[in-house]
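Residue numbers (UniProt numbering): 1 to 537. The structure under discussion appears below in the form of structure tokens.
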């Protein structure tokens with residue numbers, strides 16, 4: 001360093017700066033690259049001992065039937081994290097869908113960052129053997145799908161309390177932005193497992209296209225708007241935030257279309273509950289608890305869905321014996337609708353439909369159980385104008401045939417479905433309306449509609465089956481028989497004058513009856529086929 005002393009002071013500062021630049025360049029070009037590999041080894045060694053990774057496993061289903069909301073949120077959230085460098089994706093599209101569906105491939109990984117915390121996601125899918133020994137092809141193979149979220153253990157509180165709620169909030173925002181309404185149906189995995197599966201609800205019905213009386217339509221809309229805005233009100237009065245509707249009326253009057261219009265208007269998912277898929281109250285409870293908030297639970301044709309939801313007593317007020325062993329009961333359903341289990345969820349709508357309101361168990365019609373009873377009646381002139389606007393585009397003009405149709409509709413019972421069927425037969429308004437007039441005149445001449453004829457036929461059958469009476473005479477004694485078949489236990493009532501008691505019971509009548517039975521049974525020679533009815537247990 002003696003040579004520095006020989007440098008004139010005026011140049012000394014320049015030399016020092018030059019030496020510093022040379023040293024910096026040497027570090028960048030030679031020393032640091034040489035030290036990088038040893039430093040990486042040391043970093044990995046200390047990281048293994050000082051940093052402990054934690055893994056959260058997020059499965060598709062919670063238990064056996066309930067979908068895991070965190071899984072659905074993660075799946076939608078990670079779709080926004082697909083990078084251009086992603087090499088494998090699963091693409092699918094059903095025949096009913098209009099857009100492609102992007103799914104993740106097995107073992108696919110995603111990187112994310114939240115407030116300086118690095119996170120690694122991994123998607124896994126594997127086939128899972130069913131616990132049931134059944135080999136029926138009707139059961140779907142079970143596929144276990146789940147996400148793994150890996151991060152440093154020291155960030156556990158931040159990930160669970162901040163990051164995952166952020167994923168859920170992002171999911172809700174993306175879901176509301178897409179506004180896709182889902183239709184959920186029950187699918188049985190095996191003899192012991194049943195769960196919901198969803199498809200997009202693509203029903204085009206809206207309140208503008210549903211053929212209803214304007215006043216009734218306005219009432220339903222106002223009731224729906226009032227319901228979704230009254231969360232605090234329901235809490236203040238101590239009631240579950242739910243609403244019940246009973247839609248009743250003849251077939252073809254638009255009950256299903258009204259449900260679709262309600263779902264499209266509120267953007268609520270629809271759960272189609274088919275009671276025939278269920279065997280016990282416990283299964284019913286599981287599938288109902290797995291429904292989401294902001295949803296519509298639909299039970300169509302509840303009067304004929306299951307024996308357990310029929311009238312629980314016969315005409316004599318005696319409880320039907322067949323319900324005692326039935327494990328799917330009306331009580332179990334009602335307990336979830338307005339019992340203690342009804343509070344397990346919020347902003348839910350329950351809809352029952354039936355063609356025959358008179359056949360329902362009185363418990364379903366109790367005041368307060370179904371908040372609003374909506375009668376879907378036959379097509380009126382106002383409903384016809386809506387249908388004509390939909391099918392013939394006569395919204396702004398009144399066709400000359402409208403007056404004749406209005407007059408016929410006042411005297412004829414025809415459903416909106418029948419009117420729509422006629423209007424679809426031609427794109428020319430004149431031809432379609434003439435066909436409708438012909439139909440209305442035919443209905444008018446018939447006098448009775450199919451719905452009324454069906455009710456009268458059923459009433460006559462019930463009368464024949466349950467209230468059969470016979471009269472007979474034996475050796476001058478007037479005898480009266482009556483068949484009582486109001487329940488599955490059938491019995492005959494055999495009445496006569498008390499003065500002939502001994503003669504009726506012992507002397508000739510009953511022995512004669514038994515002898516005639518033997519003779520007629522031999523003559524008829526009817527071969528019987530006996531079957532055994534098994535019950536689930």
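Glycine included, C-beta positions come from ideal geometry on N, C-alpha and C. Remember, predicted model here, so these are calculated numbers, not experimental data.
- Query: Counting Cβ pairs closer than 8 Å, one from the stretch 257-265 and one from the stretch 161-176, do we hit at least three?
  - Reply: no
- Task: Leaving out five residues on either side along the sequence, give the residues of the same chain with a beta carbon under 7 Å from the beta carbon of residue 382.
- Result: If you number the chain shown from 1, residue 382 lands on position 382. Only 213, 214 meet the Cβ criterion.
- Task: May I ask you to list the residues that DSSP assigns as paired with residue 244?
- Result: As a first step, residue 244 is located in the chain shown; it is residue number 244 there, counting from the start. Paired residues: 350.
- Task: Determine the extent of the alpha helix (DSSP H) in which residue 441 is found, giving its start and end residues.
- Result: Counting from one through the chain shown, the residue named residue 441 turns up at place 441. From DSSP, the alpha helix (DSSP H) with residue 441 extends over 429-446.
- Message: By alpha-carbon positions, which one of 180, 92, 149 ends up nearest to residue 113?
- Response: As a position in the chain shown, residue 113 is number 113, starting the count at 1. The residue with the shortest Cα to Cα distance from residue 113 is 149.
- Indicate the three-state DSSP secondary structure (helix, strand or coil) for residue 337 in the structure shown. Translated into the one-based positions of the chain shown, residue 337 becomes position 337. Residue 337: helix per DSSP, three-state reduction.
- Message: From the DSSP secondary-structure annotation, give me the bridge partner or partners of residue 124.
- Response: Here residue 124 refers to the residue found at position 124 when the chain shown is read from its first residue. 146.
- Quick one: Cα of residue 361 to Cα of residue 243, how far? Reading the chain shown from its first residue, position 361 is the one you call residue 361. Reading the chain shown from its first residue, position 243 is the one you call residue 243. Looking at the two C-alpha atoms, the distance is approximately 20 Å.
- How far does the beta strand (DSSP E) with residue 200 in it reach, from first residue to last? As a first step, residue 200 is located in the chain shown; it is residue number 200 there, counting from the start. Unbroken beta strand (DSSP E) run through residue 200: 194-200.
- What does residue 566 pair with, by DSSP beta-bridge criteria? The structure shown does not extend to residue 566, since the chain is modelled only from 1 through 537, so no value can be given for it.
- Bounding residues of the alpha helix (DSSP H) (the contiguous stretch that carries residue 403): Taking the first residue of the chain shown as 1, we reach residue 403 at position 403. Under the DSSP assignment, residue 403 falls in the alpha helix (DSSP H) whose first and last residues are 402-411.
- Check whether the stretch 186-196 touches the stretch 328-345, counting contact only when three or more Cβ pairs, one atom from each stretch, lie closer than 8 Å. no
- Task: Determine the extent of the alpha helix (DSSP H) in which residue 422 is found, giving its start and end residues.
- Result: Along the chain shown, read from residue 1 onward, the residue named residue 422 stands at position 422. Note, residue 422: alpha helix (DSSP H), 416-423.
- Message: I need the straight-line Cα distance from residue 232 to residue 368, nearest angstrom please.
- Response: Taking the chain shown and counting its residues from 1, the one referred to as residue 232 is at position 232. Taking the chain shown and counting its residues from 1, the one referred to as residue 368 is at position 368. Residue 232 and residue 368: Cα-Cα distance of roughly 20 Å.
- Task: Tell me, please, whether the stretch 344-362 touches the stretch 294-304 by the rule of three or more beta-carbon pairs shorter than 8 Å.
- Result: yes
- In terms of DSSP beta bridges, what is residue 61 paired with? By one-based count along the chain shown, residue 61 stands at place 61. Looking at the DSSP assignment, residue 61 forms a beta bridge with 67.
- Item | Cβ pair count under 8 Å reaching 3, the stretch 392-403 against the stretch 432-439 | By the C-beta criterion, the stretch 392-403 is judged to be in contact with the stretch 432-439, since at least 3 inter-stretch pairs fall below 8 Å.
- Message: Comparing C-alpha positions only, which one of 61, 265, 19 sits nearest to residue 72?
- Response: Taking the first residue of the chain shown as position 1, residue 72 is located at position 72. Nearest C-alpha to residue 72: 61.
- According to DSSP, residues forming a beta bridge with residue 495: Counting from one through the chain shown, the residue named residue 495 turns up at place 495. Per DSSP, 480.
- Residue range of the unbroken beta strand (DSSP E) whose run includes residue 212: Locating residue 212 in the chain shown gives position 212, where the first residue counts as 1. Counting along the chain, residue 212 falls outside any beta strand (DSSP E), and DSSP gives it neither H nor E.
- Message: Going by DSSP, what residue range makes up the alpha helix (DSSP H) through residue 170?
- Response: Here residue 170 refers to the residue found at position 170 of the chain shown. First-last of the alpha helix (DSSP H) with residue 170: 164-178.
- For the alpha helix (DSSP H) that residue 384 lies in, which residues bound it at each end? For the purposes of this step, residue 384 is identified with residue 384 of the chain shown, where counting begins at 1. Here the alpha helix (DSSP H) through residue 384 covers 381-392.
- Under 8 Å between the Cβ atoms of residue 197 and residue 185? Within the chain shown, the letter at position 197 stands for residue 197. Within the chain shown, the letter at position 185 stands for residue 185. For residue 197 and residue 185, yes; Cβs fall inside 8 Å.
- Consult DSSP for residue 182 and reduce its assignment to one of helix, strand or coil. Counting from 1 along the chain shown, the entry for residue 182 is found at position 182. In this structure, residue 182 counts as strand in the three-state DSSP scheme.
- Message: Measuring straight from C-alpha to C-alpha, what distance separates residue 135 and residue 511?
- Response: By one-based count along the chain shown, residue 135 stands at place 135. By one-based count along the chain shown, residue 511 stands at place 511. Confidence at residue 135 is low in this model, with a pLDDT of 44, below 50, so its placement is unreliable and no value can be given for it.
- Item | residue 398 (DSSP reduced to helix, strand or coil) | Here residue 398 refers to the residue found at position 398 when the chain shown is read from its first residue. Three-state DSSP puts residue 398 in coil, outside helix and strand.
- Query: CB-CB under 6 Å to residue 324, same chain, minus the five flanking residues each way: which ones, in chain order?
  - Reply: As a first step, residue 324 is located in the chain shown; it is residue number 324 there, counting from the start. Model confidence at residue 324 stands at a pLDDT of 43, short of 50, so the residue's coordinates are unreliable; what they give is reported in the following sentence. Correct list: empty, nothing qualifies.
- Message: Strictly by DSSP, which residues pair up with residue 374?
- Response: In the chain shown, counting from the first residue as 1, residue 374 sits at position 374. Note: residue 374 sits in a beta bridge opposite 247.
- Message: Nearest by alpha-carbon distance to residue 249: which of 201, 357, 115, 216 is it?
- Response: Your numbering for residue 249 matches position 249 in the chain shown. Residue 249 has its Cα closest to that of 357, out of 201, 357, 115, 216.
- Own chain partners of residue 345 with C-beta closer than 6 Å, once the 5 adjacent residues on each side are dropped: In the chain shown, the residue the question calls residue 345 occupies position 345. By the criterion of a C-beta distance shorter than 6 Å, residue 345 is surrounded in its chain by 293, once the five residues flanking it on both sides are discounted.
- Query: Taking Cβ to Cβ, would you say residue 328 is nearer than 8 Å to residue 281?
  - Reply: Counting from one through the chain shown, the residue named residue 328 turns up at place 328. Counting from one through the chain shown, the residue named residue 281 turns up at place 281. Cβ distance < 8 Å, so residue 328 and residue 281 count as in contact.
- Message: Residues in the same chain with beta-carbon distance under 6 Å from residue 373, minus the five sequence neighbours each way, listed in chain order, please.
- Response: Here residue 373 corresponds to residue number 373 of the chain shown, with the count starting at 1. Result list for residue 373: 246, in chain order.
- Message: For residue 379, count the other beta carbons within 10 Å of its own beta carbon; 16 or more makes it buried, fewer makes it exposed. Which is it?
- Response: Along the chain shown, one-based indexing puts residue 379 at 379. Buried, because 16 or more other Cβ atoms sit within 10 Å of the Cβ of residue 379.
- Are residue 76 and residue 175 close, meaning C-beta to C-beta below 8 Å? Translated into positions along the chain shown, residue 76 becomes position 76. Translated into positions along the chain shown, residue 175 becomes position 175. Closer than 8 Å, so yes.
- Item | Residues bridged to residue 102 [DSSP beta-bridge criterion] | Sequence index remark: in the chain shown, residue 102 carries index 102 (1-based). Looking at the DSSP assignment, residue 102 forms a beta bridge with 91.
- Task: Taking residue 444 and residue 409 to be in contact with their CB atoms under 8 Å, please state how far apart those CB atoms are, rounded to whole angstroms.
- Result: Position 444 of the chain shown, counted from the first residue, corresponds to residue 444. Position 409 of the chain shown, counted from the first residue, corresponds to residue 409. About 10 Å; that fails the 8 Å criterion.
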